[in-house]
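Below: the structure, in structure tokens.
Numbering (this note's numbering), first residue to last: 202 to 324.
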């Protein structure tokens with residue numbers, strides 16, 4: 202579980218860096234703090250182009266957060282088929298999709314009231 206001395210901003214920064222290390226695409230941060238009855242404060246949503254890249258993103262995020270912040274996800278789900286992997290860091294939940302699955306579930310629209318930040322990548 203997340204340690205109290207790790208801020209959400211630190212965690213988000215390290216997660217984004219882990220995604221970028223393996224060229225994750227279309228990185229979005231949804232700030233859910235102003236929405237009532239949410240299960241966490243932030244969603245980080247990104248996509249990979251294949252099962253292999255989705256798993257690479259998940260592994261990169263896990264390793265980077267573990268090494269940098271000495272933290273680990275409370276729960277991970279979806280690794281077996283690697284179409285939609287959810288990584289739960291308690292206040293920050295990371296969704297790693299394949300493109301077609303992301304389009305189908307369209308989480309950004311479901312949480313349309315959230316403040317959204319698109320992360321610009323240079324690759």
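C-beta: ideal position from N, C-alpha, C; glycine also.
Which whole-angstrom value is the C-beta distance of residue i and residue j, which I expect to be below 8 angstroms?
| i | j | result |
| --- | --- | --- |
| residue 238 | residue 317 | At roughly 19 angstroms, the Cβ-Cβ gap does not stay under 8 angstroms, so residue 238 and residue 317 are not in contact. |
| residue 265 | residue 219 | 4 angstroms |
| residue 280 | residue 257 | Between residue 257 and residue 280 the Cβ distance is about 12 angstroms, and since that is not below 8 angstroms, they are no contact. |
| residue 287 | residue 294 | 6 angstroms |
| residue 246 | residue 320 | Incorrect: roughly 10 angstroms between the Cβ atoms, too far for contact. |
Let me confirm a value: residue i is counted as buried when at least 16 other C-beta atoms fall within 10 Å, else exposed. Which label applies?
| i | result |
| --- | --- |
| residue 313 | exposed |
| residue 234 | exposed |
| residue 240 | exposed |
| residue 212 | buried |
| residue 290 | buried |
| residue 248 | buried |
Closest to residue i by CA distance: which of the options is it?
| i | options | result |
| --- | --- | --- |
| residue 244 | 231, 235 and 253 | 231 |
| residue 299 | 219, 255 and 216 | 255 |
| residue 276 | 282, 296, 322 and 269 | 296 |
| residue 215 | 253, 260 and 249 | 260 |
| residue 250 | 311, 319 and 302 | 302 |
Following the continuous alpha helix (DSSP H) through residue i, name the residue where it begins and the one where it ends.
| i | result |
| --- | --- |
| residue 217 | 209 to 222 |
| residue 291 | Residue 291 -> no alpha helix (DSSP H), and no H or E assigned at all. |
| residue 309 | 308 to 311 |
Can you tell me where the beta strand (DSSP E) holding residue i begins and where it ends?
| i | result |
| --- | --- |
| residue 278 | 276 to 278 |
| residue 233 | Per DSSP, residue 233 belongs to no beta strand (DSSP E) and is neither H nor E. |
| residue 253 | Taken as a continuous stretch (DSSP letters only), residue 253 belongs to no beta strand (DSSP E), being part of the alpha helix (DSSP H) at 252 to 270. |
| residue 243 | 243 to 249 |
| residue 317 | 316 to 319 |
Does residue i get closer than 7 angstroms to chain C when you measure Cβ to Cβ?
| i | result |
| --- | --- |
| residue 272 | Absent from the structure: chain C. Only one protein chain is present. |
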